[in-house]
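Okay, structure first, notes after.
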Amino acid sequence: MEHSSGPGGKLNLMNGALQARPKPQAREQWSNKLEFLLAVAGHIIGLGNVWRFPYLCYKNGGGAFFVPYVLFLFTCGIPLFFLETSLGQFTSQGGITCWRKICPLFEGLGYGSQVVVLYTGVYYIIILAWAFLYLFSSFSSELPWASCNNYWNTENCKELSKSNITEYSPEKSTSPVIEFWERRILGLSEGIEQIGNVRWDLALCLLLAWIICYFCVWKGVKSTGKVVYFTATFPYLMLVVLLVRGLTLPGAKNGIIFYLYPDPTRLKDPQVWMDAGSQIFYSYGVCTGVLTALGSYNKYENNCYRDCVYLCLLNSLTSFVAGFAIFSVLGFMAYEQGMDISMVAESGPGLAFIAYPRAVALMPLPQLWAIFFFIMIIFLGLDSEFVYHEALVTAISDMYPSFFQIGHRRKFLLLFISAASFLVGLLMVTEGGLYVFQLFDYYACSGMTLLTFAILQSICVGWIYGADRLYDSIEDMIGYRPWPFMKCCWKYLTPAICTGTFIFSLVKYTPLKFNNVYEYPWWGYAIGGFFTLSSTLLVPLWMIYLVGTTPGSIFLDGTCLTWQNHSDPSLSWRGLLFTEIERKFQHKGPVLMFIYKLVPLMFKTWLRLCDEHHVMVKC
Numbered sequence: 005m006e007h008s009s010g011p012g013g014k015l016n017l018m019n020g021a022l023q024a025r026p027k028p029q030a031r032e033q034w035s036n037k038l039e040f041l042l043a044v045a046g047h048i049i050g051l052g053n054v055w056r057f058p059y060l061c062y063k064n065g066g067g068a069f070f071v072p073y074v075l076f077l078f079t080c081g082i083p084l085f086f087l088e089t090s091l092g093q094f095t096s097q098g099g100i101t102c103w104r105k106i107c108p109l110f111e112g113l114g115y116g117s118q119v120v121v122l123y124t125g126v127y128y129i130i131i132l133a134w135a136f137l138y139l140f141s142s143f144s145s146e147l148p149w150a151s152c153n154n155y156w157n158t159e160n161c162k163e164l165s166k167s168n169i170t171e172y173s174p175e176k177s178t179s180p181v182i183e184f185w186e187r188r189i190l191g192l193s194e195g196i197e198q199i200g201n202v203r204w205d206l207a208l209c210l211l212l213a214w215i216i217c218y219f220c221v222w223k224g225v226k227s228t229g230k231v232v233y234f235t236a237t238f239p240y241l242m243l244v245v246l247l248v249r250g251l252t253l254p255g256a257k258n259g260i261i262f263y264l265y266p267d268p269t270r271l272k273d274p275q276v277w278m279d280a281g282s283q284i285f286y287s288y289g290v291c292t293g294v295l296t297a298l299g300s301y302n303k304y305e306n307n308c309y310r311d312c313v314y315l316c317l318l319n320s321l322t323s324f325v326a327g328f329a330i331f332s333v334l335g336f337m338a339y340e341q342g343m344d345i346s347m348v349a350e351s352g353p354g355l356a357f358i359a360y361p362r363a364v365a366l367m368p369l370p371q372l373w374a375i376f377f378f379i380m381i382i383f384l385g386l387d388s389e390f391v392y393h394e395a396l397v398t399a400i401s402d403m404y405p406s407f408f409q410i411g412h413r414r415k416f417l418l419l420f421i422s423a424a425s426f427l428v429g430l431l432m433v434t435e436g437g438l439y440v441f442q443l444f445d446y447y448a449c450s451g452m453t454l455l456t457f458a459i460l461q462s463i464c465v466g467w468i469y470g471a472d473r474l475y476d477s478i479e480d481m482i483g484y485r486p487w488p489f490m491k492c493c494w495k496y497l498t499p500a501i502c503t504g505t506f507i508f509s510l511v512k513y514t515p516l517k518f519n520n521v522y523e524y525p526w527w528g529y530a531i532g533g534f535f536t537l538s539s540t541l542l543v544p545l546w547m548i549y550l551v552g553t554t555p556g557s558i559f560l561d562g563t564c565l566t567w568q569n570h571s572d573p574s575l576s577w578r579g580l581l582f583t584e585i586e587r588k589f590q591h592k593g594p595v596l597m598f599i600y601k602l603v604p605l606m607f608k609t610w611l612r613l614c615d616e617h618h619v620m621v622k623c
């Protein structure tokens, strides 16, 4: 049957006859390719490139770390990145309804990924609140974390220098930058049991961050596409400025040597490979449905294959260059204080809010460099944050387009999500808020959840929907077939490597400890477990729900699986076979009926591998 080459023609064939009902507004598209590229770049190039990758590289053998990193990049990172982006462009749907069109049985992947996006959006923006407060504090005659002469400092506060480094003891003394972070910014309590009062200066900074994010996406891609021209490019300017400044500081060479000096023996440690895999998943934003949402606003003929490869290489290159900017400054700090660089190298918030501010305080014109640094941190986090909410709103509005895409309802949906997330986020700007933040960070967006999603979507696309079929669709979009290695990854390498990494993560799992010392109460770990399971379990729960509520042989009529070839004569005996099985099992109770409904899935999967025909999707 002939059909149009655009997405509308394909989707009409899939969905059958259109019902006579009011139609929502036509789907928006990026004004040009550059908006899409900048939006994706802004999302994937975030805080992890600056505060996580350089530290992992230093900790895991310097230059030798690039061996497992590149392996995971080309077998998991780029293939999954391309898979999700192309699905969005082909279906013109967000992170939930794209699976409804590809394979309804796996629609739970979409629901689970959007729960992860919701959790991430709630806690990730707290970093922006911290950065805003640091930025405002930088506009002072003396940086407040540079001395012990402030009202929040204790008698144990001691300023570090070469002259007193031998007298400094971390057990008996604290630095002014740590006291500024823990006592001035956080007002840190003894544990999550003592949640304490809201830090209202942080709460106002959080409100400011939410207002900015809301207006960045309130008009959909029309506003997002314009904002990213600035938010995605300005951090590069700041990174270049800080890089040039760092390389001119004394001691910078030693810092770079620590960053890149290769230690091949570290490759024997399985944890090094685990760190490389986790960095790829966190840095490339895969398995969250965000890339699918951004790709869904592309023109059908857009060359998403080329875009994905270039964006992935840009992401990794940015991480590599950021390491020079960070470790040159850390090398300078170690030189100025007469310390080993291993004593000052940190990752995560410890780098952004303790180590780097401490180094900045030692530079000439420290206020200027502090302002540059925290502006970079804010913009790196800002576009990642508002893209999360663009993806979430896209996923929800695509489920009910006739309702949310009419008038201003989409804006009200965004306002509701933003307001509710702000109220939940107030828990993380209390005196015990950092403990709540760590629970979100460790459990809500856990590596095992993302690995599970990666395995399932690779199986779904590679084996159930069919990698060859997706390649045909991609060829229809871009005009040629991508490198066959991608298809090999979807079917074999990506699920195999992700499964191995998942098993290793499970074996090496340890409960969260704050600063490796404080143990959470049992209910704290229960909350963390809820964060993880509330997203992961949606996949099997949706399968059970769909199997249980679909009448008849769901695998025969194509409701849950995506292939159906009415011209294949073998379907006649297959249909008779399944009809006979159903007749025998229909009075045997719900358990046996469920087995009946589930077993044909595996059988039909095997039959699909034997088919050589191109088949039509029925959703």
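Reminder that position 244 of the sequence shown reads as 248 in our numbering, one-by-one numbering, no gaps. Where a beta carbon is used, it is the ideal one built from N, C-alpha and C, also for glycine. Source: prediction; values computed, not measured.
Within 10 angstroms of its Cβ, does Leu384 collect 16 or more other Cβ (buried), or is it exposed?
Sequence index remark: in the sequence shown, residue 384 carries index 380 (1-based). Classification for Leu384: buried.
Is it buried or exposed for His393, if we count other Cβ within 10 angstroms and need 16 for buried?
Along the sequence shown, one-based indexing puts residue 393 at 389. By the neighbour-count rule (16 or more Cβ atoms within 10 Å), His393 is buried.
Just grab the DSSP bridge partners of Lys517 for me.
Within the sequence shown, residue 517 is the residue found at index 513, counting from 1. The partner list for Lys517 (beta bridge, DSSP) reads Glu523.
Delimiting residues of the alpha helix (DSSP H) encompassing Asn258:
By one-based count along the sequence shown, residue 258 stands at place 254. Element bounds for Asn258: 256–264.
Close Cβ partners of Phe390 (< 6 Å) along its chain, the five nearest in sequence each way excluded
Within the sequence shown, the letter at position 386 stands for residue 390. The answer, listed in chain order, is Cys217, Cys220, Val221.
Identify whether Thr453 lies in helix, strand or coil by the three-state DSSP scheme.
If you number the sequence shown from 1, residue 453 lands on position 449. Three-state result, Thr453: helix.
Please list the terminal residues of the continuous alpha helix (DSSP H) segment that includes Thr553.
Along the sequence shown, read from residue 1 onward, the residue named residue 553 stands at position 549. Per DSSP, Thr553 belongs to the alpha helix (DSSP H) from 542–553.
Could you tell me the alpha carbon to alpha carbon distance between Ala359 and Ala329, rounded to whole angstroms?
Here residue 359 refers to the residue found at position 355 when the sequence shown is read from its first residue. Here residue 329 refers to the residue found at position 325 when the sequence shown is read from its first residue. So the alpha carbons of these two residues sit roughly 13 Å apart.
Using 8 Å as the threshold, is the segment 181–190 in touch with the segment 412–421, meaning 3 or more CB pairs across them?
no
Note down the Cα distance separating Leu386 from Phe69, rounded to an integer number of angstroms.
Along the sequence shown, one-based indexing puts residue 386 at 382. Along the sequence shown, one-based indexing puts residue 69 at 65. Distance between the alpha carbons of Leu386 and Phe69 is about 29 Å.
Helix, strand or coil at Thr296 [DSSP, three-state]
Against the sequence shown, residue 296 aligns to sequence position 292. The answer is helix: DSSP assigns Thr296 an H, G or I state.
Bounding residues of the alpha helix (DSSP H) (the contiguous stretch that carries Asn101)
Counted from its first residue, the sequence shown places residue 101 at position 97. The sequence shown places Thr at residue 101, rather than the Asn named in the question. 101–106 is the span of the alpha helix (DSSP H), which, as asked, contains Thr101.
Pull up the distance between the alpha-carbon of Tyr404 and that of Glu39, whole angstroms please.
Counting from one through the sequence shown, the residue named residue 404 turns up at place 400. Counting from one through the sequence shown, the residue named residue 39 turns up at place 35. If you take the alpha carbons of Tyr404 and Glu39, they lie about 26 Å apart.
Looking at Thr101 and Asp402, is the spacing between their C-beta atoms short of 8 Å?
Mapped onto the sequence shown, residue 402 falls at position 398. Mapped onto the sequence shown, residue 101 falls at position 97. Closer than 8 Å, so yes.
Does the Cβ-Cβ distance between Leu315 and Val44 come in under 8 Å?
As a position in the sequence shown, residue 315 is number 311, starting the count at 1. As a position in the sequence shown, residue 44 is number 40, starting the count at 1. Taking 8 Å as the Cβ cut-off, Leu315 and Val44 qualify as a contacting pair.
When the Cα atoms are used, what is the spatial distance from Ala338 to Gly255?
The residue you call residue 338 lines up with position 334 of the sequence shown. The residue you call residue 255 lines up with position 251 of the sequence shown. Taking the straight line joining both Cα atoms gives about 7 Å.
Close Cβ partners of Leu537 (< 7 Å) along its chain, the five nearest in sequence each way excluded
By one-based count along the sequence shown, residue 537 stands at place 533. For Leu537, where only same-chain residues beyond five positions count, there are no Cβ hits under 7 Å.
Mind reading off the beta-carbon distance from Tyr59 to Ser332? Whole number of angstroms is fine, and I expect it under 8 Å.
What you label residue 59 is simply residue 55 of the sequence shown in a count that begins at 1. What you label residue 332 is simply residue 328 of the sequence shown in a count that begins at 1. That pair is no contact at about 14 Å.
Just verifying my parser: in three-state terms, what is the DSSP assignment at Val348?
Counting from one through the sequence shown, the residue named residue 348 turns up at place 344. In this structure, Val348 counts as coil in the three-state DSSP scheme.
Do Ile129 and Trp34 count as a contact pair if the criterion is CB distance below 8 Å?
Mapped onto the sequence shown, residue 34 falls at position 30. Mapped onto the sequence shown, residue 129 falls at position 125. Contact: no.
Given that a residue counts as buried once 16 or more other Cβ atoms are within 10 Å of its Cβ, and exposed if not, what is Leu541?
Within the sequence shown, numbered from 1, the residue matching residue 541 stands at position 537. So Leu541 ends up on the exposed side.
Would you identify the three-state DSSP class for Cys464, choosing helix, strand or coil?
Numbered from its first residue, the sequence shown carries residue 464 at position 460. For Cys464, the secondary structure class from DSSP, reduced to helix, strand or coil, is helix.
Cβ-based neighbour list, Leu575, same chain, cut-off 6 Å, excluding 5 preceding and 5 following
Looking up residue 575 in the sequence shown gives position 571. For Leu575, the predicted structure reports a pLDDT of 36, less than 50, and the residue's modelled location is therefore unreliable. A value from the coordinates is still provided. Excluding residues within five positions, none has a Cβ falling inside 6 Å.
Hey, Ala365 and Ala150 are a contact pair by Cβ (cut 8 Å); roughly how many whole angstroms apart?
Position 361 of the sequence shown holds residue 365. Position 146 of the sequence shown holds residue 150. That pair is a contact at about 4 Å.
With Ile196 and Val433 assumed to form a contact (beta carbons below 8 Å), what rounded beta-carbon distance in angstroms separates them?
Numbered from its first residue, the sequence shown carries residue 196 at position 192. Numbered from its first residue, the sequence shown carries residue 433 at position 429. Not a contact, Cβ separation roughly 14 Å.
Between the beta-carbon of Thr89 and the beta-carbon of Lys105, is there less than 8 Å?
On the sequence shown, position 85 is the one that residue 89 refers to. On the sequence shown, position 101 is the one that residue 105 refers to. Cβ distance not < 8 Å, so Thr89 and Lys105 don't count as in contact.
Collapsed DSSP secondary structure at Thr583 in the structure displayed
Taking the sequence shown and counting its residues from 1, the one referred to as residue 583 is at position 579. Residue placement at Thr583 is poorly supported in this model, since its pLDDT is 45, which falls under 50; the coordinates still yield a value, given next. If DSSP states are grouped into helix, strand and coil, Thr583 belongs with the helices.
To the nearest angstrom, how far is the alpha carbon of Ile261 from that of Gly335?
Locating residue 261 in the sequence shown gives position 257, where the first residue counts as 1. Locating residue 335 in the sequence shown gives position 331, where the first residue counts as 1. Distance between the alpha carbons of Ile261 and Gly335 is about 9 Å.
Are the CB atoms of Ser425 and Val232 nearer to each other than 8 Å?
The residue given as residue 425 occupies position 421 in the sequence shown. The residue given as residue 232 occupies position 228 in the sequence shown. Against a cut-off of 8 Å, the Cβ pair of Val232 and Ser425 comes out as no contact.
Run through DSSP, which three-state label would Leu91 get?
By 1-based counting over the sequence shown, the position of residue 91 is 87. It is helical.
To the nearest angstrom, how far is it from the Cα of Trp455 to the Cα of Arg187?
Translated into positions along the sequence shown, residue 455 becomes position 451. Translated into positions along the sequence shown, residue 187 becomes position 183. The sequence given here places Leu at residue 455; Trp does not occur at that position. Those two C-alpha atoms are separated by around 37 Å.
Quick one: what does DSSP say Cys316 is sitting in, helix, strand or coil?
Reading the sequence shown from its first residue, position 312 is the one you call residue 316. The answer is helix: DSSP assigns Cys316 an H, G or I state.
How about Thr296 and Leu91: do their beta carbons lie closer than 8 Å?
Here the question's residue 296 lines up with position 292 in the sequence shown. Here the question's residue 91 lines up with position 87 in the sequence shown. Yes, Cβ-Cβ distance for Thr296 and Leu91 is below 8 Å.
Count the other CB atoms within 10 Å of the CB of Lys14; is the residue buried (16 or more) or exposed (fewer)?
For the purposes of this step, residue 14 is identified with residue 10 of the sequence shown, where counting begins at 1. Since pLDDT at Lys14 reaches only 40, below the 50 mark, its modelled position is unreliable, and the value read off the structure follows with that caveat. The residue in question, Lys14, is buried, as its Cβ has 16 or more Cβ neighbours within 10 Å.
Check Cys152 in the structure and name its three-state DSSP category.
Residue 152 sits at position 148 when you count from the first residue of the sequence shown. Reduced to three states, the DSSP call for Cys152 is coil.
By a C-beta neighbour count over all protein chains shown, 10 Å radius and 16 as the cutoff for buried, is Thr322 buried or exposed?
On the sequence shown, residue 322 is found 318 positions in, with the first residue counted as 1. Counting of Cβ neighbours within 10 angstroms places Thr322 among the buried residues, the total reaching 16 or more.
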